[in-house]
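Asks: Dumping the structure here so I can ask a few things about it.
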Amino acid sequence: MSLSKADTSTLWHAVQDNDHAAFARVSAHLLDAPTPLKHIPLRLYIPSAAGAFRVLQAPVPPRHPATPRQPQRLGHVLRALLPALFPSSRDPVLAAVVLHGAPVPFSAPVEDLMREAAYPDGWLCLIVVPL
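Each residue of the sequence shown is one higher than the one before, starting from 4 at the first, in the numbering used here.
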């Protein structure tokens, strides 16, 4: 995944000028790469104390390892990364997840979440909220 010098300059100027349309045109080249995704960069913010967060970063495969034809669902990812907080891959028992201020269903495919809600740096950032 790489950009030409012209696309890199366009992307940089779009960020500087707060030009979302220009940014979206160039970032689409990165998100819709001709080769399939190998990993999705995931960043989880987990409350550790009042006003403090622990950050967990992990590359997540977009397809379920046991069944490669099935997309990797958020519930499975959370159960694999944080089994103490997410003992169930279907229902939030001890904690829920928030993305851009909205709760995220555990059945959501992580690749779809990344394509629709990743930050400009490419990371999918989620907040873990204790119930």
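C-beta: ideal position from N, C-alpha, C; glycine also.
With a Cβ-Cβ cutoff of 8 Å, do P133 and L97 count as a contact?
Replies: What you label residue 133 is simply residue 130 of the sequence shown in a count that begins at 1. What you label residue 97 is simply residue 94 of the sequence shown in a count that begins at 1. For P133 and L97, yes; Cβs fall inside 8 Å.
Asks: Mark H42 as exposed unless 16 or more other C-beta atoms lie within 10 angstroms of its C-beta, in which case mark it buried.
Replies: The count along the sequence shown starts at 1 and reaches residue 42 at position 39. H42 is exposed by the Cβ-count criterion.
Asks: Out of D22, R28 and I130, point me to the one whose CA is closest to A105's CA.
Replies: The residue given as residue 105 occupies position 102 in the sequence shown. It is I130 whose Cα lies nearest to the Cα of A105.
Asks: Going by DSSP in three states, Q19 sits in which element: helix, strand or coil?
Replies: Taking the first residue of the sequence shown as position 1, residue 19 is located at position 16. Helix at Q19.
Asks: According to the neighbour-count rule (16 or more other Cβ atoms, all chains shown, within 10 Å of its Cβ), is V63 buried or exposed?
Replies: Along the sequence shown, read from residue 1 onward, the residue named residue 63 stands at position 60. V63 comes out buried.
Asks: Closest to H32 by CA distance: which of Y48, A9 and L45 is it?
Replies: Position 29 of the sequence shown, counting from 1, holds the residue named residue 32. It is A9.
Asks: What are the uninterrupted segments assigned as beta strand (DSSP E) that are 3 or more residues long and contained completely in the stretch 42-103, given in chain order?
Replies: Listed in chain order, they are 43-52, 55-63 and 98-102.
Asks: Classify Q75 as buried or exposed, calling it buried when 16 or more other Cβ atoms lie within 10 Å of its own Cβ.
Replies: Counted from its first residue, the sequence shown places residue 75 at position 72. Its Cβ being crowded by 16 or more others within 10 Å, Q75 is buried.
Asks: List the whole-angstrom C-beta distance separating H79 from S92, where the pair is believed to meet the contact cut-off of C-beta under 8 Å.
Replies: Start at 1 with the first residue of the sequence shown, and residue 79 comes out as number 76. Start at 1 with the first residue of the sequence shown, and residue 92 comes out as number 89. At roughly 5 Å, the Cβ-Cβ gap stays under 8 Å, so H79 and S92 are in contact.
Asks: Excluding the 5 residues flanking P123 on each side, which residues of the same chain have their C-beta closer than 8 Å to its C-beta?
Replies: Residue mapping note: residue 123 aligns to position 120 of the sequence shown, counting from 1. Closer than 8 Å at the Cβ level, and outside the excluded window around P123, lie V18, F26 and S30.
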